[in-house]
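Protein chains: 4
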Amino acid sequence: MMAIRAGVYGASGYAGGELVALLNKHPAARLVFATSGSQLGKAVPESDLQFIAHEDARPQNVEAVFLALPHGASAGIARAALEEGAKVIDLSADFRMNSEAAWREWYGTAHQQPDLLPVPYGLPEINRAQLHGTALVAVPGCYPTTTLLGLYPLLLAKALAPGLPIVVDAKSGASGAGRTPTSMTHLPELYANLVPYKTGRSHRHVGEIEQELHKLDDDIGPVLFTPHLLPIDRGLLASITVTLAPEFNAAESQALYEETFDTEPMVRVLPAGDQATIAHVARRDGCVISLVPVLDRWLQITSVTDNLRKGAASQAVQNFNLMFGLTETAGLTPES
Amino acid sequence: MMAIRAGVYGASGYAGGELVALLNKHPAARLVFATSGSQLGKAVPESDLQFIAHEDARPQNVEAVFLALPHGASAGIARAALEEGAKVIDLSADFRMNSEAAWREWYGTAHQQPDLLPVPYGLPEINRAQLHGTALVAVPGCYPTTTLLGLYPLLLAKALAPGLPIVVDAKSGASGAGRTPTSMTHLPELYANLVPYKTGRSHRHVGEIEQELHKLDDDIGPVLFTPHLLPIDRGLLASITVTLAPEFNAAESQALYEETFDTEPMVRVLPAGDQATIAHVARRDGCVISLVPVLDRWLQITSVTDNLRKGAASQAVQNFNLMFGLTETAGLTPES
Amino acid sequence: MMAIRAGVYGASGYAGGELVALLNKHPAARLVFATSGSQLGKAVPESDLQFIAHEDARPQNVEAVFLALPHGASAGIARAALEEGAKVIDLSADFRMNSEAAWREWYGTAHQQPDLLPVPYGLPEINRAQLHGTALVAVPGCYPTTTLLGLYPLLLAKALAPGLPIVVDAKSGASGAGRTPTSMTHLPELYANLVPYKTGRSHRHVGEIEQELHKLDDDIGPVLFTPHLLPIDRGLLASITVTLAPEFNAAESQALYEETFDTEPMVRVLPAGDQATIAHVARRDGCVISLVPVLDRWLQITSVTDNLRKGAASQAVQNFNLMFGLTETAGLTPES
Amino acid sequence: MMAIRAGVYGASGYAGGELVALLNKHPAARLVFATSGSQLGKAVPESDLQFIAHEDARPQNVEAVFLALPHGASAGIARAALEEGAKVIDLSADFRMNSEAAWREWYGTAHQQPDLLPVPYGLPEINRAQLHGTALVAVPGCYPTTTLLGLYPLLLAKALAPGLPIVVDAKSGASGAGRTPTSMTHLPELYANLVPYKTGRSHRHVGEIEQELHKLDDDIGPVLFTPHLLPIDRGLLASITVTLAPEFNAAESQALYEETFDTEPMVRVLPAGDQATIAHVARRDGCVISLVPVLDRWLQITSVTDNLRKGAASQAVQNFNLMFGLTETAGLTPES
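Okay, here's the thing in structure tokens:
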């Protein structure tokens, strides 16, 4: 089999670096170029390539383009690559909102390529049908991936109490904030600390989470989201607390989740009584979920991912596999 | 002024050690003995004393006895000390539940000194009137202190929606688990990890939290409590999410909290827009709170303490001060 | 090709766990059993096996036996396995000393299988000739591996000043202390700390280091060894300072090291000016070395490994490959 | 007693912040102004002051000026303050070298106030006589303080072998690198890592260390210095290995050190067999030292300080006390 030629934009960031590592060991992909704004001319790790400038990349030479760029920097490159005939896997936020209005609401600017919207949302466990063979995919953020997988079975089963809030208390390792040094991620500031940030509904990922939830159940209440920065390098744990619909008993959840994810290779539901932790997923490609029913009416869900893997690069590869008709887990280590 | 003579049982544990350090610098206390099961004969840090066995301590020689012992080990020593005329500040759980039935429900055993119940619950900000001059006090645990202070103004104002759950997502440093090495606190296991434990309503502190909440407002819903072990040494952060009563708007919360805690020296409410973090309270004696109103009807509260200080030793000293008619903050550093 | 059947004793410890993971992905090995004293009956991670008791293992069913047991527990099992015809890769200290006298000097007890001594010392970069096809190998400890590789080119070139001390300041992650919780590795004790231990020449690895150094150059001075416990989970960094022989200038070192390790797949010498750190080797299979010449006569060497990989499990696999005539790096990721 | 009025330049950096905290609790000092380049107008923690610009400070209003500024920024301000009659405690490097030539050698620029050189080197345990009542003092850096105290008794006793190297392997918490975020101190880069830097003799503190050593013994060999950045926030541990003069046996060291530091309040020599760690000094004002004699001729010394305290702010206060004739430990917690 001929390997699919791929290029990565933004390959020296944390997500881009993970992506390069995954593509290097992917059985059906070959990395052809890797761009970087800051590492020009340096060797790409575990590769014979050197980082090149974004503008020196030639998307016409590849079948697949991965965009691991800041939001706002992706949309134009995506269009150009599509026009050259490449398929595009965008890890930025640029195509995650389904309409220009929604983009404007959450990002506060005009969208650069509104005619491309809506774009399939690249969460295969929920949205697989739209991803087979598609030319452009918007890979979800780390918080949405972890949260949406943690809630999906309840939404499918219409098991959430209408109108009541979904409380998502999420904690992320500092690599989620990217490679650029800031005061917030300066080790003496974050060490031995725990820092809630963009609380309430101010984190932009809330828009993406609610957009996808509403596609499944339009009666749900608001997402109350509290992200925290953990004093560790990677991993993401979401503690989700929901009120269940009267006709659904919390004790039924375990079976519901196990059944829903039974055939999903990248999601593992722990046996009742086991508790998901970040160690379950660090440097792994999937999502792990555990459940605690509370007093019949409530459910506590713990959903964990590696923010740079299932929350970014591994999910991008999973999408790539679907877009090119490969085995969905090619180049990845299944969770189950 | 004559210093009040004090003894500490369990002085080589983490809370006991903090207590010894606080008493050593207290202007009106003098440490007379310090017991330890494991450090017999060794020097008590920053003191001329040596650790003695519990049974060699002479409560009759002191006016105040602090008990920093595991639950079950305190009650008998407390009674004996009371009979010798000493006042007793118990940092264990032994006297926190108000009835033998409640004790049995949460701890699964018969209470050893049921006739001493109920005992004043030593959270001065809520319960100060009962603490002045009393002879025995049950110092709250670290999770209840942080949670109850975070909720108190809303309860006072009857601002919580009746029957709806109070979601408490709490994260504690590993010193909260005590000095005994375990697999859970073994550095290679906890490093770079985050570990939810005793989720749902299985942590015994839930009993104590609900008992005290119900004294203030009997219409509240259940506490849904998710404690996590952080990969750091100390500090406790509780993210609390509540639904407000219809007649109360979330925007009113900031003023309510500021007013409620205005004269409290050991509690600081951050200005609107500031976010409490563990760094605000590490190695400090008080509690810091910040608020985020969400869509009028919900409130996200962040309440932080040092689990060994306001969550244990500093609060014990605050109680001691009240019991002996001293300035409430003697030996402590006020937060405001 | 038929896979070589292998069994692992002590498979639930940290080194044993890494070994299981490496064997699971090894192209020419198949894990047949895994023993554990503490995890009996539980599932072996990423495998269909369950942990069995040491005494229930059947070495006669395998071609290779890996022993990841505490020292003293290996020697007898090794002999039994040899007698059943299996080759034995021992990760414990039991066969590292070349004579019973040396064993007694450093371990203070009689050796249990003295007639098996001396056993080839499994550091392929120094000792490869002895390892091809051999039936029993003593895999070096993590400190000796890192130190000996850091010094090897100088010894080969007789470049060390005779009689002058070799100063080894080594720092290890806490997994090096094993999986059993202790006060020293209790997170609240080690967090934010750095702990020298077994300083001077009291660490048993000094015996093994000097034994191997003297085989290469009998004129060297003593090893002054200061191990430290780092507040991290894994990785080992040795800072080695040596005085060079008068006829050798420090500026020649870079070329000497590059030449010596030129064909070694598991050792990488960094370009002059680059500095080795633990991040270079964490979760990797090899050793990375960097050099700083100082004032012509002295050399500072930094040698880093992952203590559980090149310092234990990966090196065991490298030996296994040599013993069975496989490609030396089968199942491993080469450093260069 | 009238409090001595003091001003701090650079009060929002890590050392400056510690200094403000120490002065706030100092019994004989009163903070009158605090300058900052980045926190203009914000409240100075635990104070009624606001940060002002450097140029708005009025040294004529204070008796003492502390300079916690980057090197190069101090010298001019120091002269101006001296001319206004204030005494100056400079925590920067600007006055640490005794001659302009030495400054130029290590810092590569012309000195801005060469006529003020030499300035007393503010290490009271070695240099107390010069500090009483003086008007300008150069407070040593964190590495020199820890190293010089670790070596001082041997130098006094002429116990070092002439010409042989002094190996200093030092490890510092990340606050030593200052408050400005950099890639090196970005949490995802430093977490779980250990990073040697400025090895050999390239760290500027080598100049200051050797200058002071040579005043005590001109026959010593070179300092071979390997600083490392630890993945923790604060604390500094220097592992020092030396060869002793033939007439001095390593076994005599313990008594020598105990005697030398017997009356020093800010230095504690641990009993033989105990090992100094960073936990001994974190957030404390002094230096702790432990010794391991090796084979008669060598000595391993562990010297630890908090880099922001005895390595910066506490030492500045100790100097301030001497300059103003106060009790040397006023405002500090003695180690012994």
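Residue numbers (my numbering), protein chains in the order written: chain V, 1 to 336; chain C, 1 to 336; chain Z, 1 to 336; chain W, 1 to 336. From the three backbone atoms N, C-alpha and C, an ideal C-beta is built for every residue, glycine too.
Proximity below 9 Å, CB of residue i to CB of residue j
i	j	result
G122 of chain Z	S172 of chain Z	no
A192 of chain W	M184 of chain W	no
L116 of chain Z	R79 of chain Z	yes
V267 of chain W	L22 of chain W	no
F248 of chain C	A159 of chain C	yes
A138 of chain W	D169 of chain W	no
S47 of chain W	P188 of chain V	no
A6 of chain W	V44 of chain W	no
E264 of chain Z	S336 of chain Z	yes
For residue i, the nearest candidate out of the options (CA to CA)
i	options	result
A355 of chain Z	Z:E84, Z:A255 and Z:Q50	Given a span of 1 to 336 for chain Z in the structure shown, any question on residue 355 of chain Z remains unanswerable.
L148 of chain Z	Z:L187, Z:G207, Z:H228 and Z:H186	Z:G207
Q254 of chain W	W:T302, W:I220, W:L308 and W:R284	W:T302
L237 of chain W	W:H132, W:L19, W:L308 and W:V20	W:L308
G72 of chain Z	Z:Q39, Z:L224, Z:A129 and Z:H111	Z:H111
H280 of chain Z	Z:G273, Z:Y14 and Z:I289	Z:I289
N321 of chain W	W:G10, W:G16, W:H26 and W:A11	W:H26
A68 of chain Z	Z:S12, Z:F33, Z:G41 and Z:E100	Z:S12
C142 of chain Z	Z:Y14, Z:W298 and Z:I4	Z:Y14
S314 of chain Z	Z:G41, Z:P153 and Z:P124	Z:P124
A135 of chain V	V:A157, V:R128, V:I126 and V:V88	V:V88
V119 of chain C	C:T109, C:M2 and C:A102	C:A102
R220 of chain Z	Z:L164, Z:Y9 and Z:D296	Residue identity check: residue 220 of chain Z is Ile in the sequence provided, not Arg. Cα-wise, what sits closest to I220 of chain Z is Z:L164.
I278 of chain V	C:P196, C:L19 and C:Y152	C:P196
P246 of chain C	C:F66, C:G37, C:T180 and C:W298	C:W298
E212 of chain W	W:D90, W:S239 and W:N127	W:N127
Chain C residues whose Cβ lies nearer than 7 Å to that of residue i
i	result
S175 of chain Z	P188
K337 of chain V	The displayed coordinates of chain V run from 1 to 336. Any statement about residue 337 of chain V would go beyond what the structure contains.
Proximal chain V residues relative to residue i, where beta-carbon distance stays under 9 Å
i	result
P231 of chain W	L187 and Y191
Proximal chain W residues relative to residue i, where beta-carbon distance stays under 7 Å
i	result
Q254 of chain Z	Correct list: empty, because the minimum Cβ distance to chain W is about 13 Å.
Y197 of chain Z	Q275
L237 of chain Z	L194
V167 of chain Z	V167 and T241
Opposing strand residues paired with residue i [DSSP bridges]
i	result
K87 of chain W	W:A64
V242 of chain V	V:L299
L31 of chain C	C:A6
F50 of chain V	As written in the sequence, residue 50 of chain V is Gln, which differs from the Phe given in the question. Its beta-bridge partners are V:A43.
V139 of chain W	Bridge partners of V139 of chain W: none, in fact.
I289 of chain W	W:V269 and W:S303
P231 of chain C	Answer is none; P231 of chain C lacks a bridge partner.
Partners in chain V for residue i, counting only beta-carbon separations shorter than 8 Å
i	result
P181 of chain W	P181, T182, S183, T185 and H186
Neighbour flag for residue i against chain B, beta carbons, 9 Å
i	result
Y14 of chain V	Included in the structure are the protein chains V, C, Z and W, with no chain B among them.
Neighbouring residues, chain Z, relative to residue i (Cβ below 7 Å)
i	result
L224 of chain W	T241, V294, W298 and Q300
A279 of chain W	N193
A282 of chain W	A192
Contact list for residue i against chain Z, beta-carbon separation under 8 Å
i	result
R201 of chain W	V294 and L295
Amino acids of chain C, ordered along the chain, whose beta-carbon sits closer than 8 Å to that of residue i
i	result
P144 of chain V	Here the premise fails: no neighbours, minimum Cβ distance about 19 Å.
Review point. What are the start and end residues of each continuous alpha helix (DSSP H) run of 4 or more residues lying completely inside the segment 136-207 of chain C, in chain order?
Key: The qualifying runs are 142-156 and 187-190.
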